[in-house]
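In the numbering used here, the protein residues as written are 2 to 541.
Accompanying notes for the structure given below.
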Amino acid sequence: MAMKLLALVACGTLITSCENSAQTESGVADLIIRNAHIVDGTGSPWTRGDVAIRDGRILAMGPTLDIEATNVIDAAGRVLAPGFIDVHTHVESSDNRDGLEGIPRADNFLLDGVTTIITGNCGSSETDLAAYRSRLDMLGINVATLIGHNSIRQQVMGSDDRAPTPAELEAMQALVEKAMQEGAVGFSTGLLYVPGTYAKTDEVVSLAKVASAYGGVYSSHIREQGAKLHESVNEAVFIGQEADMPVQVSHFKVKGRTRWGTIGDAVALVEEHRRNGIDVVIDAYPYERASTNLGVNLPRWAVAGGAEAVAERINDPATRTRIVTSMLEMLADGGYPDYSFATVAQYSPNPELNGMTISEINQSLGRDATIDNEIDTILEMMIEGGAAGNSQGGAMVYHYMSTDDVDTILRYPNAAIASDGGVITPGRGHPHPRSYGTNARVLADYVRERGVLTLEDAIRRMTSLPARTFGFQDRGIVRPGFVADLVLFDPERVVDKATFTDPHNYSEGFDTVIVNGVSVVSDGQLTDRRPGAFIAYNEK
């Protein structure tokens, strides 16, 4: 594996403690935060002290700093932690209203304590990173991106269900290399989704090796999260081994009521691979519901080739029968009596359906509450959604997991916290609440209310663990010399306000959020300062 250069800090390497020398720092700081309970991101117990910031970095820290400062914040015993790093987001713009290009301040992330996001996940990314970077202006948040397999495959091959020709594979390899040269932090796959789902393992390995040569991470929405979960985890690990690169398994879960209670076996499988020397970690969001597209309810072969091809298959009687048979099998495999577990998040042909379940939509059409009728409703929505420009129908929220299983995942020490969310336009659609409240939910529910995690360990999952995985050598820990990405909050007041029934609500309780040494949230309010940066591979 190509080795990444270790960034050096004020007192030596990353593992060197600088706290004892903090008092020797001279000069005036831009900001001092005094009397804080410092949870440094490593998982160590909190300490009480001061933190000084100058020129966007942590100048010094210690029990009582004798340093002058232009600005002073009295933490009054509140927690000071590294700014949260969200390893799994989707912030590329679909139009001018959303994404980082539409909302470059990224309000919903900042108000949830997030200072750095990684996008380009699930195989979907911008493919011209130089152009993307040039369009990102006046950011409120730091952003890094992966290069997505699905996106480059779509660009080279379209959405065909076939193997690439040698020339096509070479073209995809060239796109991966160009993206890595332009700063991508790794290579992502979405092997459930069109067109990545049609790729064989050897294709993925050949592309991952290109990213590995630049020190990239392999991040994967694995091929299957139900009956073939273990097989899919093993495939991700195999790809990482063959390409000689770290592996991040995205939004770890087991889907379907029939498999609830079995996720511990999959977690044990990940740990077994780690004991065998494989650098594999996972991430998860603190909710029992997932969000993806409507098309995942159809067999993979049925959604190949774009919207017209999908509509042709649905409208052909014989092919439609095959699709319906497969959908019935998929429903039974998950243990669902109907589609009431599936809620519309964003359906452009008819926004009035947003927030309704498939079962409710079916009944609103005057149809009997049968599975066959609900499948007809889904297929009609697929055609209408495709005609409106979404070959996968629309965005959905699915009740795939159990709370106990999510707890089991989040108790695993090598599970990072991730939202799988995006930059949200307030009031638009009926999205999953995770885009608003992931980190507040962890601190309020998993730490304060139910004690699933300790405060120190929860913050480690949001900070140093993701920083370590993606090679952010000077972020994710409160330490002199590190970038001053910080969050100040009262752990007794932090709360996620976004719910599945009322998702458009910002988190509360993150009093101060600092990005690159600049306060972007002050007294719980956005400041409209834009110090965010694009974090490229060669700038980490």
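Note that the Cβ used here is the ideal one computed from N, Cα and C, for glycine as well.
Note that this is a predicted model, so its numbers are computed, not measured.
| Query | Result |
| --- | --- |
| 8 Å contact criterion, which Gly543 and Val522 should meet: CB distance rounded | The displayed coordinates of the chain run from 2 to 541. Any statement about residue 543 would go beyond what the structure contains. |
| Val115, buried or exposed, once every other Cβ within 10 Å from all chains shown has been counted against 16 | buried |
| The ligand FMN heavy atom lying under 7 Å from the CB of Met246 | Absent from the structure shown: the ligand FMN. Ligands present: none. |
| Start-to-end residues for the beta strand (DSSP E) that takes in Asp51 | 48-55 |
| Residue environment, Lys254, which counts as buried when at least 16 other CB atoms sit within 10 Å | buried |
| Counted within 10 angstroms of its Cβ, other Cβ atoms place Glu127 as buried (16 or more) or exposed | buried |
| Limits of the unbroken alpha helix (DSSP H) element including Phe110 | 108-111 |
| Buried versus exposed, by CB contacts within 10 Å (16 or more), Gln393 | buried |
| 8 Å Cβ cutoff met for Ala61 and Ala70 | no |
| Test item: CB-CB of Arg435 and Asp446 under 8 Å | no |
| Tyr219: first and last residue of the uninterrupted beta strand (DSSP E) it sits in | 218-222 |
| Cβ neighbours of His505 in the same chain (closer than 6 Å, five flanking residues each side left out) | Pro427, Gly428 |
| Euclidean distance between Cα positions of Gly187 and Thr464 | 19 Å |
| Local Cβ density within 10 Å of Val157, reported as buried at 16 or more and exposed below that | buried |
| Under the three-state DSSP convention, the category Asp67 falls into | coil |
| Chain-order list of residues whose beta-carbon lies under 8 Å from that of Gln155 (same chain, five-residue window excluded) | Pro196 |
| Stretch pair the region 342-362 + the region 371-385: three plus CB contacts closer than 8 Å | yes |
| Nonlocal neighbours in the same chain, by C-beta distance under 7 Å from Glu457, ignoring five residues either side | Val40, Gly44, Ser45, Pro46, Trp47 |
| Proximity of Thr202 and Ser221 at Cβ, strictly below 8 Å | no |
| Rounded separation between Ala537 and Ile148 - CA only | 12 Å |
| Cβ-based burial, Asp529 [other Cβ within 10 Å; buried from 16] | exposed |
| Distance, Ala308 Cα to Ala388 Cα | 7 Å |
| Gly227 in three-state terms, based on DSSP | coil |
| Length of the line joining the Cα atoms of Ala333 and Ala107 | 40 Å |
| Contact set for Val496: own chain, Cβ-Cβ below 8 Å, skip 5 residues either direction | Ala441, Ala445, Ser508, Glu509, Gly510 |
| Leu32: first and last residue of the uninterrupted beta strand (DSSP E) it sits in | 30-39 |
| Three-state secondary structure (DSSP) of Ile324 | helix |
| The region 244-258 in contact with the region 280-295 per 3-pair CB rule at 8 Å | yes |
| Minimum C-alpha distance to Cys123 - residue among Thr146, Arg134, Gly103, Leu487 | Thr146 |
| Close-in-space but distant-in-sequence residues of the same chain around Ala131 (CB under 7 Å, 5 per side omitted) | Glu183 |
| C-alpha gap between Gly28 and Pro83, whole angstroms | 24 Å |
| Beta-carbon proximity of Phe490 to Val80, cut-off 8 Å | yes |
| Sequence-distant residues of its chain with Cβ nearer than 6 Å to Val407 (five each side left out) | Glu289 |
| Sheet register partners of Asn72 (DSSP bridge) | Leu32 |
| Per DSSP, the bridge partner or partners of Gly187 | Val218 |
| Buried versus exposed call for Ile410 [16 or more other C-beta atoms within 10 Å across all chains shown] | buried |
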